[in-house]
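>
Number of protein chains: 2
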Amino acid sequence: MTARRGPPLPTGAELEILGVLWTRGPSTVRDVRVALGRGQDTAYTTVLKLLQIMHAKGLVSREKSSRTHIYAAAEPSERTQRRLVDDLALRAFGGSAARLALRALSSRPARGAELAAVRALLARLDRERT
Amino acid sequence: MTARRGPPLPTGAELEILGVLWTRGPSTVRDVRVALGRGQDTAYTTVLKLLQIMHAKGLVSREKSSRTHIYAAAEPSERTQRRLVDDLALRAFGGSAARLALRALSSRPARGAELAAVRALLARLDRERT
DNA sequence: TTGCGTCTACGAAGCTCTTCGTATATAACT
DNA sequence: AGTTATATACGAAGAGCTTCGTAGACGCAA
Numbered sequence: 001m002t003a004r005r006g007p008p009l010p011t012g013a014e015l016e017i018l019g020v021l022w023t024r025g026p027s028t029v030r031d032v033r034v035a036l037g038r039g040q041d042t043a044y045t046t047v048l049k050l051l052q053i054m055h056a057k058g059l060v061s062r063e064k065s066s067r068t069h070i071y072a073a074a075e076p077s078e079r080t081q082r083r084l085v086d087d088l089a090l091r092a093f094g095g096s097a098a099r100l101a102l103r104a105l106s107s108r109p110a111r112g113a114e115l116a117a118v119r120a121l122l123a124r125l126d127r128e129r130t
Numbered sequence: 001m002t003a004r005r006g007p008p009l010p011t012g013a014e015l016e017i018l019g020v021l022w023t024r025g026p027s028t029v030r031d032v033r034v035a036l037g038r039g040q041d042t043a044y045t046t047v048l049k050l051l052q053i054m055h056a057k058g059l060v061s062r063e064k065s066s067r068t069h070i071y072a073a074a075e076p077s078e079r080t081q082r083r084l085v086d087d088l089a090l091r092a093f094g095g096s097a098a099r100l101a102l103r104a105l106s107s108r109p110a111r112g113a114e115l116a117a118v119r120a121l122l123a124r125l126d127r128e129r130t
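So the sequences go chain by chain: A and B. Position one of the first sequence corresponds to residue 1 (our numbering), numbered consecutively onward. Position one of the second sequence corresponds to residue 1 (our numbering), numbered consecutively onward.
(1) For chain B, check one thing: does any of its Cβ atoms lie closer than 8 Å to the Cβ of A/Glu14?
(2) Under the rule that 16 or more other beta-carbon atoms within 10 Å means buried, what is A/Glu78, buried or exposed?
(3) For chain B, is any of its Cβ atoms less than 8 Å away from the one on A/Ser96?
(4) Closer than 8 Å is the cut-off here; do at least three beta carbon pairs connect the segment 16-31 of chain B with the segment 50-59 of chain B?
(5) Closer than 7 Å by beta-carbon distance: list the chain B residues that pair up with A/Val32, in chain order.
(6) Which residues of chain B have a Cβ atom closer than 7 Å to the Cβ of A/Glu75, listed in chain order?
(7) 8 Å is my cut-off, CB to CB: does A/Asp86 come that close to chain B?
(8) Between A/Val128 and chain B, is any beta-carbon pair separated by less than 8 Å?
(9) Looking at A/Leu36: is its Cβ nearer than 8 Å to the Cβ of A/Arg83?
(10) Using CA atoms only, rank isn't needed, just tell me which of A/Ser106, A/Ala97, A/Gln52 is closest to B/Ser107.
(11) Are there 16 or more other CB atoms within 10 angstroms of the CB of A/Arg5, so buried, or fewer, so exposed?
(12) Counting only Cβ pairs nearer than 8 Å, list the residues of chain A close to B/Ser107.
(13) Is the beta carbon of A/Ala104 less than 8 Å from the beta carbon of B/Ala101?
(14) Could you confirm whether any beta carbon from chain B is found closer than 8 Å to the beta carbon of A/Leu59?
(15) Can a CB atom of chain A be found closer than 8 Å to the CB of B/Arg111?
(16) State buried or exposed for A/Glu14, treating a residue as buried only when at least 16 other CB atoms are found within 10 Å of its CB.
(17) Per DSSP, A/Tyr44 is paired with what?
(18) Which residues in chain A have a C-beta closer than 8 Å to the C-beta of B/Glu114? List them in chain order.
(19) Hey, B/Leu51 and B/Val29 are a contact pair by Cβ (cut 8 Å); roughly how many whole angstroms apart?
(20) Indicate the three-state DSSP secondary structure (helix, strand or coil) for A/Ala74 in the structure shown.
(21) Alpha carbon to alpha carbon, what distance is there between B/Arg67 and B/Gln40?
(22) Give me, in chain order, the residues of the same chain whose beta-carbon lies closer than 7 Å to that of B/Asp87; leave out the 5 immediate sequence neighbours on both sides.
(23) Using a beta-carbon distance below 8 Å, is B/Arg38 in contact with chain A?
(24) Could you give the C-beta distance for A/Leu125 and B/Leu115, rounded to a whole number, given that I count them as a contact under 8 Å?
(25) Please report how far the alpha carbon of B/Ala113 lies from the alpha carbon of A/Arg99, in whole angstroms.
(26) Looking only at its chain, what residues have a beta carbon closer than 8 Å to the beta carbon of A/Leu48, apart from the 5 residues adjacent to it on each side?
(27) With H, G and I counted as helix, E and B as strand and the rest as coil, what does DSSP make of A/Arg67?
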């Protein structure tokens with residue numbers, strides 16, 4: 001139970017970088033730094049160091065292209081997001097992801113399209129129940 | 001926007017203590033320590049220090065009963081949970097709590113009663129839509 | 001009143017996370 | 001060959017989190 005395969009959960013700054021890699025695809029340190037959109041507020045070596053740590057943790061893979069490294073998220077966003085949700089469910093909702101979902105839906109005005117997606121999922125769960 | 005009133009988000013250990021206070025109601029340090037269920041693995045002063053820090057942060061209130069303090073969660077669980085969910089939505093789901101909910105529901109086999117609650121909520125949202 | 005059990009307060013160690021500066025390598029250009 | 005631009009690697013500082021030991025206060029029983 002809770003075998004927890006895969007890399008550890010990303011920290012705050014790591015998650016922000018993963019977000020860039022998920023939307024941009026494989027990127028260089030420079031690419032990531034630009035995409036973070038902080039201008040010069042974050043030093044180049046800060047992003048580099050983070051990616052090196054993430055590589056050591058198994059959160060990203062990297063490949064050498066001539067002299068620069070190209071980094072990519074090790075897991076698809078879905079899997080990491082699921083692990084993050086499960087973690088929060090465990091820590092704050094007694095392990096119930098459904099109660100977490102309930103709280104998420106009741107908290108904010110969601111857009112219609114997104115609610116429709118939730119309804120579709122519920123319908124599918126119904127169908128698969130039997 | 002994102003005005004973030006109220007105390008800061010609880011950390012891991014703080015959240016565990018809040019869980020105890022939410023289910024047990026106002027409790028002494030000793031009560032909390034016992035309810036954590038770690039036996040002697042955690043020192044008394046560790047729980048005390050945490051509660052002192054949480055009091056300074058505004059996460060818990062306390063009241064003096066003779067010589068001991070009685071601690072209580074400053075916010076109801078619903079509010080803190082909502083803030084935690086909103087935080088995760090912001091950091092990992094582009095700010096969309098609905099997409100977070102979708103991931104939560106698709107990740108795990110939920111119990112029927114919980115799914116029913118989600119359906120009821122969606123129905124209510126429908127009704128309020130107009 | 002002296003001592004024992006229990007409480008609070010405080011300081012500090014060990015750890016992780018985030019940040020950056022410095023040193024070093026390497027390709028490219030003159 | 002020497003200079004410049006850009007890369008990586010590494011060390012370390014500063015902050016926050018978690019843990020605990022020690023010291024001091026307070027009530028209660030002998």
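For each residue, glycine too, the CB sits at the ideal point set by N, CA and C. Since we're looking at a predicted model, the values are computed, not measured.
Answer, in terms of the structure:
(1) Taking CB atoms only, A/Glu14 has no neighbour in chain B less than 8 Å away.
(2) exposed
(3) Yes, A/Ser96 counts as interfacial toward chain B.
(4) yes
(5) Within 7 Å of the CB of A/Val32, no CB atom of chain B is found; the nearest one sits about 17 Å away.
(6) Per Cβ cutoff of 7 Å: no residues; A/Glu75 is ~12 Å from chain B at best.
(7) yes
(8) Looking at the sequence provided, one finds Glu at residue 128 of chain A rather than Val. Chain B contact via Cβ: absent.
(9) No, they are not a contact pair.
(10) A/Ala97
(11) Exposed, since its Cβ has fewer than 16 Cβ neighbours within 10 Å.
(12) Arg82, Val85, Asp86, Ala97
(13) yes
(14) No - not a single Cβ of chain B is within 8 Å of the one on A/Leu59.
(15) yes
(16) buried
(17) Paired residues: none, contrary to the question.
(18) By Cβ distance, chain A contributes Ser96, Ala98, Arg99, Leu102.
(19) 6 Å
(20) coil
(21) 23 Å
(22) Leu9
(23) It does not: the Cβ of B/Arg38 has no partner Cβ on chain A nearer than 8 Å.
(24) 7 Å
(25) B/Ala113 and A/Arg99: Cα-Cα distance of roughly 10 Å.
(26) Val29
(27) Correct three-state label for A/Arg67: coil.
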